[in-house]
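Report on one structure; see the data block that follows.
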Amino acid sequence: MREIDITKGIVESHVKSLDKALQSDVVIVGAGPSGLVAGGYLAEKGYNITMLEKRLSPGGGIWGGGMGYKFVIIQEEARQVLEDFDIPFSRYGDKYLSVDAITFASGLIYKASSMGVNIFNITVCEDLLVREGRVAGVVINNSLAEINHLPVDPLTLEAKAVVDATGHDHDVVRTFSSKNDVRLNTPTGKPVGERSMFASTAEDAVVENTSEVYPGLFVCGMSTAAVYGGYRMGPIFGGMLLSGKKLAGLLEEACSR
Ligand SMILES: Cc1cc2nc3c(=O)[nH]c(=O)nc-3n(C[C@H](O)[C@H](O)[C@H](O)COP(=O)(O)OP(=O)(O)OC[C@H]3O[C@@H](n4cnc5c(N)ncnc54)[C@H](O)[C@@H]3O)c2cc1C
-3 MREIDITKGI VESHVKSLDK ALQSDVVIVG AGPSGLVAGG YLAEKGYNIT MLEKRLSPGG
57 GIWGGGMGYK FVIIQEEARQ VLEDFDIPFS RYGDKYLSVD AITFASGLIY KASSMGVNIF
117 NITVCEDLLV REGRVAGVVI NNSLAEINHL PVDPLTLEAK AVVDATGHDH DVVRTFSSKN
177 DVRLNTPTGK PVGERSMFAS TAEDAVVENT SEVYPGLFVC GMSTAAVYGG YRMGPIFGGM
237 LLSGKKLAGL LEEACSR
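Residue numbers for the sequence shown follow the numbering used here, so the first one is -3 and each next one is one higher.
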């Protein structure tokens, strides 16, 4: 066994993955439930899907369940998505399913990546590539450079569409809107800001507001609440799954334009 062979294996495999990501069909920023579902459905159909996650662990806000209690609740309407991603669940009353948060997070990550989503962790999207009034890719960096405020220049990936799946942060849309003189497809032309808790309204709005917010830039999951002014919903996840499923349909259409 030679240590340098192990290193070579890692370097060559990583570069192959990165090379595939350079011209993606879609780059999804944020590996929470909505992004993983959208990415999985699209990758399964053969699209080149790159996912960026700034933390060490993909899975976003699933892991903590509700206040650290390790289950999340999912509405019956989203059951098909759980089945498509092989996530085990138990019935809770007539309308709800109860899912172990750790099984849910790890299952979505495993299934999305085995469907073909090319996930890069410890990788932050710090800006967008914009050409002629259209989002055309992402500007990325190693999260450790950002955390430590190191002056390290970023790299760029091209994509036919970019998704802000960054949750409450709406990091991509927020940065894009603050750095450019652009009008978003929102009531104010800017991110409207998230409202307090109102679960049923929030869950419907997350799906309804899953959309193209600027040419080439889409939002899904919790970032729709921050961008379009929706309510928050707490540890119920059906809306996130259905948002991801809807987004997959929108992106398929966008990729064929
Ligand atoms: C860390 C965290 C913990 C949470 N804990 C709870 C909880 O305990 N209980 C509860 O009810 N709700 C919690 N939430 C909120 C809830 O889980 C969310 O409503 C739900 O997970 C939203 O799903 P999503 O698909 O929109 O993306 P999220 O699950 O919010 O995931 C978004 C992902 O995007 C990543 N990201 C953000 N910006 C960037 C960037 N610029 N580049 C790359 N990656 C980026 C984040 O690290 C995160 O993994 C939490 C959210 C987060 C992010």
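Cβ coordinates follow ideal geometry from the N, Cα and C atoms, glycine included. Just so you know, these numbers come straight off a predicted model, no measurement behind them.
Query, Result
"Any heavy atom of ligand 1 closer than 7 Å to the Cβ of D167?", "yes"
"Who does D96 pair with in a DSSP beta bridge?", "F67"
"Within 7 Å: the Cβ of A74 and any heavy atom of ligand 1?", "no"
"In the DSSP assignment, the alpha helix (DSSP H) including D90 goes from what residue to what residue?", "D90 -> no alpha helix (DSSP H), and no H or E assigned at all."
"Near A39, what residues of its chain come up, given a Cβ to Cβ distance below 6 Å and the 5 sequence neighbours on each side ignored?", "I45, M111, G112 and V113"
"Beta-carbon within less than 7 Å of P84's beta-carbon, same chain only, minus the 5 sequence neighbours each way: which residues are those?", "T99"
"Is the Cβ-Cβ distance between G26 and T162 less than 8 Å?", "yes"
"When you compare only the Cα positions, how much space is there between V158 and V23?", "5 Å"
"Any chance the CB of S219 is under 7 Å from a heavy atom of ligand 1?", "yes"
"So which of E72, G61 and K156 has the shortest CA-CA distance to G212?", "K156"
"Can you list, in chain order, the residues of its chain whose CB lies under 7 Å from that of G234, leaving out five sequence neighbours each side?", "I70, Q71, E73, A74 and E199"
"Any contact between the segment 136 to 154 and the segment 230 to 246? By contact I mean 3 or more CB pairs, one from each, below 8 Å.", "no"
"For V77, name the three-state secondary structure that DSSP assigns.", "helix"
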